[in-house]
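Engineer: Numbering-wise, the sequence shown is residues 47 to 141 according to my numbering. Glycine is no exception: its CB is placed at the ideal position from the N, C-alpha and C atoms.
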Amino acid sequence: AEAGDGGNFKTGFWTKAAVEVNEVHTVGAMKTSTMCRTKWTAIKKTYTLVEIIRHKSGWIWDDKGGAGITASSKSVWDAFEKKNPGSSRFRNAGW
């Protein structure tokens, strides 16, 4: 329970996380607390975007097919993409 409000962790947590990751991830550069925090932020952003798509009224979500956009839903999706950067990859592909 080291996460504060909004699922944000304190600096000490990221230092511990980097140590743990480096114990099992031995290929490539050593991971720093900043790298761990950056990765978490990216994952959280992607998760939030997928949740928005999943709960959009009239839309579907499939872990393999994403939002399943067809010709009939293209215009609505295009408008959504403009307001939600990074969403284009979920048009017809899951996460």
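1. Please state whether DSSP places residue 124 in a helix, a strand or coil.
2. Which of the three DSSP states is assigned to residue 58 in this structure?
3. Between residue 150 and the rest of its own chain, which residues show a CB-CB distance below 7 Å, the 5 nearest in sequence each way excluded?
4. Give the C-beta separation of residue 141 and residue 92 to the nearest angstrom, bearing in mind that I take them to be a contact with Cβ-Cβ under 8 Å.
5. Just to confirm my understanding: we take residue 130, look at its own chain, exclude 5 residues before and 5 after, and list those with CB closer than 8 Å. What are they?
6. Rounded to whole angstroms, what's the CA-CA distance from residue 107 to residue 113? Just pull it up for me.
7. Where does residue 117 land, buried or exposed, given buried means 16+ other C-beta within 10 angstroms?
Structural biologist: Put simply:
1. Your numbering for residue 124 matches position 78 in the sequence shown. Three-state DSSP puts residue 124 in a helix.
2. The residue you call residue 58 lines up with position 12 of the sequence shown. Reduced to three states, the DSSP call for residue 58 is helix.
3. Look at the range of the chain in this structure, 47 to 141, and you will see that residue 150 is not part of it.
4. Position 95 of the sequence shown, counted from the start, is the residue given in the question as residue 141. Position 46 of the sequence shown, counted from the start, is the residue given in the question as residue 92. Confirmed, Cβ separation roughly 7 Å.
5. Reading the sequence shown from its first residue, position 84 is the one you call residue 130. Within the same chain, residue 130 has close Cβ partners 95 and 98.
6. Reading the sequence shown from its first residue, position 61 is the one you call residue 107. Reading the sequence shown from its first residue, position 67 is the one you call residue 113. Cα to Cα, residue 107 sits roughly 5 Å from residue 113.
7. Position 71 of the sequence shown, counting from 1, holds the residue named residue 117. By the neighbour-count rule (16 or more Cβ atoms within 10 Å), residue 117 is not buried but exposed.
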